[in-house]
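First comes the structure, then the notes that go with it.
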Amino acid sequence: MNIQWGERLSAALLFFFGGVTIGPIPDHIKKNLKILFVGFNPSLRSAETGHHYANPNNRFWTILYRSGLTPVKLAPEEDDKLLNYHFGLTNIVARPTKEAKDISKKEYEEGRDRLREKILSLSPEVVCFVGKGVYQQYAKKQQVSWGIQPEAVVKGTIDFVAPSSSGLVRIKMEDIIVIYKELKKIITPSF
Numbered sequence: 001m002n003i004q005w006g007e008r009l010s011a012a013l014l015f016f017f018g019g020v021t022i023g024p025i026p027d028h029i030k031k032n033l034k035i036l037f038v039g040f041n042p043s044l045r046s047a048e049t050g051h052h053y054a055n056p057n058n059r060f061w062t063i064l065y066r067s068g069l070t071p072v073k074l075a076p077e078e079d080d081k082l083l084n085y086h087f088g089l090t091n092i093v094a095r096p097t098k099e100a101k102d103i104s105k106k107e108y109e110e111g112r113d114r115l116r117e118k119i120l121s122l123s124p125e126v127v128c129f130v131g132k133g134v135y136q137q138y139a140k141k142q143q144v145s146w147g148i149q150p151e152a153v154v155k156g157t158i159d160f161v162a163p164s165s166s167g168l169v170r171i172k173m174e175d176i177i178v179i180y181k182e183l184k185k186i187i188t189p190s191f
């Protein structure tokens, strides 16, 4: 029996992930958001569950709550509820990976163009890049500071860079929350 390489890889991935099909997860977006949160790409856990920031070690939902951006701590399964606060979720790259280092240069280039189009069509007040590396890839800049960027890539929005919410980040949680509180100060209240 002659099985093609792609079929072998698909079968191996299905076996490895216990029969779970891994694929992109849906964006939660709409026009005129107060904040569009942009991550690198979904984790494998997020792809398995179909929800953003689903890895138990990811602190995204805790950060939003403790910074005052949401009045309650949402669970990953409630990611669509962020739209109630006029917040949206997307990624620069849709393909799930174990780590961001697994993303190819070509995927970043394609993702950069898609993200720019999303921002142009959605007109969010603020685009919050969840991780310095996300913004570095998007804006093609190496030197980036936390907070509001001097010039937005898409005119008419504010580019805001915040620390990654990954549990692997070595920045203290309290320091991360301070930066996200700055984000809260630049938007009109949602609740």
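Residue numbers (the UniProt record's numbering): 1 to 191.
Glycine included, each C-beta is placed from N, C-alpha and C at the ideal position.
From a predicted model like this one, the values you see are computed outputs, not experimental measurements.
(request) Taking residue 43 as the reference, give the member of 37, 35, 36, 52 with the closest Cα. (result) 52
(message) Can you tell me whether residue 36 is helix, strand or coil according to DSSP?
(response) The answer is strand: DSSP assigns residue 36 an E or B state.
(message) Can you list, in chain order, the residues of its chain with a C-beta nearer than 8 Å to that of residue 23? Leave out the 5 residues immediately preceding and following it.
(response) 47, 96
(message) Taking the straight line between their C-alpha atoms, what separation do you get for residue 31 and residue 138?
(response) 21 Å
(message) Does residue 74 come out as helix, strand or coil in the three-state DSSP assignment?
(response) coil
(request) Could you name the residues of the same chain whose beta carbon sits closer than 6 Å to that of residue 129, not counting the 5 residues immediately before and after it, in chain order? (result) Cβ neighbours of residue 129 within its own chain (closer than 6 Å, five residues either side excluded): 38, 135, 161.
(request) Could you name the residues of the same chain whose beta carbon sits closer than 8 Å to that of residue 124, not counting the 5 residues immediately before and after it, in chain order? (result) So the list reads 32, 33, 34, 35, 36, 88, 157, once near-sequence residues are dropped.
(message) Tell me which residues share the same chain as residue 112 and place their Cβ nearer than 6 Å to its Cβ, disregarding the 5 neighbours each side in the sequence.
(response) 138
(message) For residue 65 and residue 104, what's the separation of their Cα atoms in angstroms?
(response) 33 Å
(request) Could you check what DSSP says for residue 80 in three-state terms: helix, strand or coil? (result) helix
(request) Could you tell me the distance, in whole angstroms, from the CA atom of residue 168 to the CA atom of residue 120? (result) Going by C-alpha positions, residue 168 is about 32 Å away from residue 120.
(message) Starting from residue 90, trace the beta strand (DSSP E) in both directions and tell me its first and last residue.
(response) 87-91
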